[in-house]
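Undergrad: Here it is, the structure in full.
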Amino acid sequence: MLSFSPPPLLKPMVSSILSPSVGSIHLDKKLGRHSVTHVATEPRVTVPVIPPIETAQPDSTSKGKISAWTSVRQERWAGELAIEGKIPLWLDGTYLRNGPGLWNIDQHHFRHLFDGYATLVRASFNNGRVSASHRQVESDAYKAARKNRRLCYREFSETPKPKNFVSFVGELASLFTGSSLTDNANTGVIQLGDGRVLCLTETTKGSIQIDPNTLDTIGRFQYSDNLGGFIHSAHPIVTDSEFLTLLPDLVRPGYIVARMKPGSNERKIVGRVNCRGGPAPGWVHSFPVTENYVIVPEMPLRYCVRNLLQAEPTPLYKFEWHPESGSYMHVMCKASGKVVASVEVPPFVTFHYINAYEEKDEQGHVTAIIADCCEHNGDTSILELLRLNNLRSSTGLDVLPDARVGRFRIPLDGYPIGELEAALDPEEHGRGMDMCSINPAYLGKKYRYAYACGAHRPCNFPNTLTKIDLVTKRAKNWHEEGAVPSEPFFVARPGATKEDDGVVISIVSAKNGGGYALVLDATSFKEIARAKFPYGLPYGLHGCWVPRK
């Protein structure tokens with residue numbers, strides 16, 4: 003295995019790339035370490051199939067094809083979907099879903115779910131009908147792979163294979179400038195407050211603007227500021243009035259909180275949080291906010307520059323597990339950028355935060371922050387489970403690690419210890435929990451309902467849709483044998499006054515190679531319709547709703 007340490011002349015360049023450009027803003031107070039205990043008709047193909055490089059042979063088991071883990075059949079498709087049931091007439095707009103959908107280049111097959119090239123799926127609802135399409139996002143990484151029939155950029159677990167030592171050194175040098183990092187925007191899709199739609203991943207260069215109607219790639223979204231750095235949270239907080247993101251600083255371990263206004267490409271600094279433990283920041287795939295605060299998580303699954311430079315993947319890829327370094331939750335005031343709390347919490351592992359809100363006393367004073375997440379019981383094995391060979395080979399085995407709705411309570415009175423416990427009995431959702439959404443009107447506010455992917459065991463991956471009631475501590479679950487549903491996305495009924503008045507949409511990879519867009523009544527959590535694709539689509543990650551103008 004090859005490894006590399008930058009020579010002295012390159013170290014300033016490394017620092018400039020790994021660290022966002024901002025002066026240090028220190029915490030008001032360094033808190034000591036503490037020990038903590040857990041509290042249709044056949045649609046018409048409108049675009050011809052592209053050459054074999056874009057086509058993967060379906061993987062199969064004794065139970066039939068597994069479309070969820072099979073590369074998309076062709077680069078693009080469009081047509082009408084056949085409908086079973088009745089689509090509500092008020093549902094008028096477009097659901098977009100992004101995710102890794104192409105896991106091979108010629109004869110090279112990727113290792114990990116997160117390596118795949120981005121496949122964008124569109125389901126447009128109008129007058130009870132559904133038209134749909136899918137298309138590859140035209141990132142530089144994808145276009146270079148098509149042209150050269152090989153991997154050309156660094157993906158989550160893959161690096162380009164150098165032809166010789168000179169090319170190896172050149173590839174590492176390009177890593178320090180950020181040019182060899184992927185722009186494969188395969189994680190999320192968001193609509194900014196000004197209407198622009200972006201596909202995102204964890205590299206800042208992997209911010210790509212697309213046309214939500216045609217799925218055409220418009221081009222890279224160019225940030226006009228000078229913040230620098232090459233990674234950010236894959237899940238910014240987006241509202242009609244702002245875009246909030248976190249930029250990890252790998253040189254002076256910490257996080258920059260930045261804001262961008264609608265119509266602008268310039269991120270402006272809100273403030274900085276310095277890490278309290280470990281050699282590097284904790285992974286921040288997502289983060290929560292309340293009405294007045296940004297919550298900056300520092301979990302012991304930390305970025306590792308050494309692992310980023312490896313020619314072959316390490317067990318935790320670009321991360322390292324440092325439970326001895328402590329786990330922390332920092333709270334920053336949105337208005338002032340001041341860190342108002344920094345507390346130690348039990349070790350945790352999460353990809354996705356659900357929501358957060360401010361807890362108040364009888365006088366209306368904010369006394370604590372409640373933050374909920376899909377928490378994996380401090381177990382990092384979920385990353386290894388997401389290797390494609392594991393997903394394809396362990397069907398029928400009960401190997402999905404346990405997960406829960408983890409609820410943090412972060413005191414704002416200066417007390418240095420926070421709490422983490424399950425918000426409800428994990429058996430309610432089969433001890434599986436990830437890929438969450440809420441009614442967006444309740445973002446940062448006290449809420450009752452969350453929608454996520456749970457488990458119907460035995461399983462090797464979340465295979466149900468679940469509606470969590472955080473008041474009654476109960477869950478309603480939807481499950482279909484052999485199906486793999488993607489993130490359930492809530493869409494409110496126009497004029498609704500109740501939190502769960504609307505529908506939940508999920509694109510499902512069905513048993514034996516089929517696939518459909520599922521529509522559930524959000525109140526009863528019963529199926530009301532499904533719109534069938536002509537073939538199953540690969541598993542996708544995250545989506546957004548674009549209302550019709």
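Read in my numbering, the sequence shown has 509 at position 507, and its numbers run on one by one without any break.
Cβ coordinates follow ideal geometry from the N, Cα and C atoms, glycine included.
1) By alpha-carbon positions, which one of Trp105, Pro418, Ala125 ends up nearest to Gly118?
2) Return the chain-ordered list of same chain residues with a C-beta closer than 7 Å to the C-beta of Phe492, the five sequence neighbours on each side being excluded.
3) Let me know if Asp213 comes out buried or exposed under the rule of 16 or more other beta-carbons within 10 Å of its beta-carbon.
4) Assuming Ala485 and Val521 are in contact, meaning their beta carbons sit under 8 Å apart, how far apart are those beta carbons, in whole angstroms?
5) Any idea if Val47 is buried or exposed, counting beta-carbon neighbours within 10 angstroms, 16 or more meaning buried?
6) Roughly how many angstroms separate the alpha carbons of Gly420 and Ala373, rounded to a whole number?
7) Taking 7 Å as the threshold (C-beta atoms), are Val275 and Val253 in contact?
8) Which of the three DSSP states, helix, strand or coil, is assigned to Trp92?
9) DSSP on Pro102, reduced to helix/strand/coil?
10) Please specify which runs of the alpha helix (DSSP H), each continuous and at least 4 residues long, are wholly inside the segment 372 to 452, giving them in chain order.
11) Measuring straight from C-alpha to C-alpha, what distance separates Pro540 and Pro102?
12) Residue range of the alpha helix (DSSP H) that Arg308 falls in?
13) Skipping 5 residues on each side, what residues in its chain have a beta carbon closer than 8 Å to that of Gln152?
14) Excluding the five sequence neighbours on either side, which residues of its own chain have a C-beta within less than 8 Å of the C-beta of Val286, listed in chain order?
15) Between Ile384 and chain D, is there a C-beta pair that is closer than 7 Å?
16) Applying the 10 Å Cβ sphere with the 16-neighbour rule, what's the burial state of Leu571?
17) Is the number of C-beta pairs between the segment 144 to 151 and the segment 88 to 103 that are closer than 8 Å three or more?
18) Taking Ile89 as the reference, which of Lys207, Ala531, Gly545, Ala143 has the closest Cα?
19) Determine the DSSP secondary structure at Thr72, reduced to helix, strand or coil.
20) Provide the residue(s) that pair with Val341 in DSSP beta bridges, ordered along the chain.
21) Please state whether the Cβ-Cβ distance between Asn100 and Leu83 is less than 7 Å.
22) Assuming Thr184 and Gly208 are in contact, meaning their beta carbons sit under 8 Å apart, how far apart are those beta carbons, in whole angstroms?
23) Going by Cα to Cα distance, which pick from Glu482, His481, Arg450 is closest to Val473?
24) Applying the criterion that 16 or more other CB atoms from any shown protein chain within 10 Å of the CB defines a buried residue, is Gln138 buried or exposed?
25) Can Cys335 and Tyr355 be called in contact, C-beta distance under 7 Å?
26) Should Arg550 go down as buried or exposed, given a rule of 16 or more other Cβ atoms within 10 Å for buried?
27) Take Lys448 and list the residues in its own chain whose beta-carbon comes closer than 7 Å to its own, dropping the five residues that flank it on each side.
28) Which first and last residues belong to the beta strand (DSSP E) in which Lys500 is found?
29) Helix, strand or coil for Ala146 per DSSP?
30) Could you tell me the alpha carbon to alpha carbon distance between Leu387 and Glu364, rounded to whole angstroms?
31) Quick check: the Cα distance between Leu422 and Lys475, rounded to an integer number of angstroms?
32) With a 10 Å radius around its C-beta and 16 neighbouring C-beta atoms as the bar for buried, classify Arg554 as buried or exposed.
33) Which value, in whole angstroms, describes the spacing of the CA atoms of His324 and Ser526?
TA: So, from the data block:
1) Taking Gly118 as reference, the option from Trp105, Pro418, Ala125 with the minimal CA-CA separation is Trp105.
2) Spatial neighbours of Phe492 in its own chain (CB-CB distance under 7 Å, excluding positions within 5 residues in sequence) are listed in chain order as Ser439, Ile440, Asn441, Tyr453, Gly504, Val506, Ala524.
3) With a threshold of 16 other beta carbon atoms within 10 Å, Asp213 falls short and is exposed.
4) The beta-carbon distance between Ala485 and Val521, rounded to whole angstroms, is 15 Å. This is too long to meet the 8 Å contact definition.
5) Residue placement at Val47 is poorly supported in this model, since its pLDDT is 33, which falls under 50; the coordinates still yield a value, given next. By the 16-neighbour rule on beta-carbons within 10 angstroms, Val47 is exposed.
6) When rounded, the distance between both Cα atoms is 11 Å.
7) Taking 7 Å as the Cβ cut-off, Val253 and Val275 do not qualify as a contacting pair.
8) Three-state result, Trp92: coil.
9) Strand.
10) Listed in chain order, they are 383 to 387, 390 to 395.
11) Across the structure, Pro540 and Pro102 are spaced so that their CA atoms are roughly 8 Å apart.
12) Segment 307 to 310, the alpha helix (DSSP H) holding Arg308.
13) Note that residue 152 corresponds to Arg in the displayed sequence, not to Gln. Excluding sequence neighbours, Arg152 sits near Ile107, Asp108, His110, Pro162, Lys163.
14) Excluding sequence neighbours, Val286 sits near Ser235, Leu248, Pro250, Tyr257, Val298, Pro299.
15) Absent here is chain D; the protein component of the structure consists of one chain.
16) The requested residue 571 does not occur in the structure, where the chain is confined to residues 3 to 551.
17) No, the segment 144 to 151 does not touch the segment 88 to 103.
18) Here the closest residue by C-alpha is Ala531.
19) When secondary structure is reduced to three states using DSSP, Thr72 falls in the coil class, being assigned neither helix nor strand.
20) According to DSSP, which records beta bridges pairwise, Val341 is partnered with Met334.
21) Going by C-beta atoms, Asn100 is not nearer than 7 Å to Leu83.
22) With a Cβ gap of about 6 Å, Thr184 and Gly208 count as contacting.
23) Of the residues Glu482, His481, Arg450, the one whose Cα lies closest to the Cα of Val473 is Arg450.
24) Of the other Cβ atoms in all chains shown, 16 or more fall within 10 Å of the Cβ of Gln138; this residue is therefore buried.
25) The answer is no: Cβ separation not under 7 Å.
26) Under the 10 Å beta carbon count, Arg550 is surrounded by fewer than 16 other beta carbons and is classified as exposed.
27) For Lys448, where only same-chain residues beyond five positions count, the Cβ hits under 7 Å are Tyr359.
28) That residue, Lys500, is in no beta strand (DSSP E); it is neither H nor E in DSSP.
29) Note: Ala146 maps to helix in three-state DSSP.
30) One C-alpha to the other measures close to 46 Å.
31) Going from the Cα of Leu422 to the Cα of Lys475 covers about 16 Å.
32) Residue 554 lies beyond the stretch modelled for the chain, which goes from 3 to 551, so this question has no answer here.
33) His324 and Ser526: Cα-Cα distance of roughly 43 Å.
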